[in-house]
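Beneath this line is the structure, given in structure tokens, with notes to follow.
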Amino acid sequence: MVRVEFLGPIQKKPLELDISNLNELAKILQEDKEMQPWLENSAVAVNDTLVSSRDVALKDGDRVALLPPVCGG
Amino acid sequence: MLYLYDGPLNVPTILKEWYEQEAKSNYGAYIPFVGTVRSEDNIDGLSFDIYEPILRSWFEAWKQKAKAKGAVIKMAHSRGDVMLHESSYIAAVFSPKRRVALEFIDEFVEDFKASAPIWKYDLKNGKRIYALERSTAIKGSGLLS
Chain A
6 MVRVEFLGPI
16 QKKPLELDIS
26 NLNELAKILQ
36 EDKEMQPWLE
46 NSAVAVNDTL
56 VSSRDVALKD
66 GDRVALLPPV
76 CGG
Chain B
-12 MLYLYDGPLN
-2 VPTILKEWYE
8 QEAKSNYGAY
18 IPFVGTVRSE
28 DNIDGLSFDI
38 YEPILRSWFE
48 AWKQKAKAKG
58 AVIKMAHSRG
68 DVMLHESSYI
78 AAVFSPKRRV
88 ALEFIDEFVE
98 DFKASAPIWK
108 YDLKNGKRIY
118 ALERSTAIKG
128 SGLLS
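Chains as they are written, first to last, in my numbering: chain A, 6 to 78; chain B, -12 to 132.
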């Protein structure tokens, strides 16, 4: 299973999903109305490294995080 | 070094500690930037969430950039609530000469604002409200949309 976490202000509990790539995750999250505004402005990290392409294979035990817009300081 | 604290930063103590850490390192310049919570829009304060694993790797990359210029970067940030006129953020650069430190602190703070995984909330009338309008989408956002 792949664990998907929603960081900062996204009020959503982590998901445990049987997926093998980010395209499958995109499809699942796009069907969730509450997630739609966040998908446009969130970055994606796989195992704590930011990724710039959906072309990333996922395996059992991987962690995906969604990072909405930031404002430190 | 990266230092995270629960609640407001003790600015005089942190600046003094950092000064003392590098007092004998032969740096000619110490340029600190201190971020303090201002009174605006009737807020009572600010609150912060931090995602530490990615913050640490982001900071590590800046530490290496500083090293390549013969400089040292230090940063402190608050978690949780920080009220008006308290401070939530300190960044400082030490370098042999002032020009490197002045330029580096500017680049560092700009990238910090755009990339560091920290989320800000306004504290207003007992509520914690995400400061979306003042936030910046991290480069590459929208990958799943």
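Note that the Cβ used here is the ideal one computed from N, Cα and C, for glycine as well.
Per DSSP, Ala70/A lies in no alpha helix (DSSP H); the unbroken beta strand (DSSP E) holding it starts and ends at Arg68 to Leu72.
With fewer than 16 other Cβ atoms inside 10 Å of its own Cβ, Ser58/A counts as exposed.
Of Gly22/B, Gly(-6)/B and Trp106/B, the smallest CA-CA separation from Arg121/B is found for Trp106/B.
If you check each beta-carbon in the segment 45 to 68 of chain A against every beta-carbon of chain B, the ones closer than 8 Å belong to Glu45, Asn46, Ser47, Ala48, Val49, Ala50, Asp53, Thr54, Leu55, Val56, Ser57, Ser58 and Arg59.
Three or more beta-carbon pairs drawn from the segment 35 to 43 of chain B and the segment 106 to 118 of chain B are found closer than 8 Å, and the two stretches are therefore classed as touching. Judged by DSSP in its simplified three-state form, Asp23/A adopts coil rather than helix or strand. Sequence-distant partners of Asn13/B (beyond 5 residues in either direction) whose C-beta falls short of 8 Å from its own C-beta, in its chain, are Pro83. When DSSP states are grouped into helix, strand and coil, Ser102/B belongs to the helix group. For Asn26/A, the CB contacts under 8 Å within the same chain, skipping 5 residues up- and downstream, are Arg59, Asp60, Val61, Ala62 and Leu63 in chain order. Membership of Leu33/B in the beta strand (DSSP E) is indicated by the continuous run Gly32 to Ile37. Looking at the DSSP output, Arg86/B sits in no beta bridge, so it has no partner there. With fewer than 16 other Cβ atoms inside 10 Å of its own Cβ, Met6/A counts as exposed. Secondary structure of Pro19/B (DSSP, three-state): strand. Beta bridge pairing from DSSP links Val9/A with Leu20/A and Val69/A.
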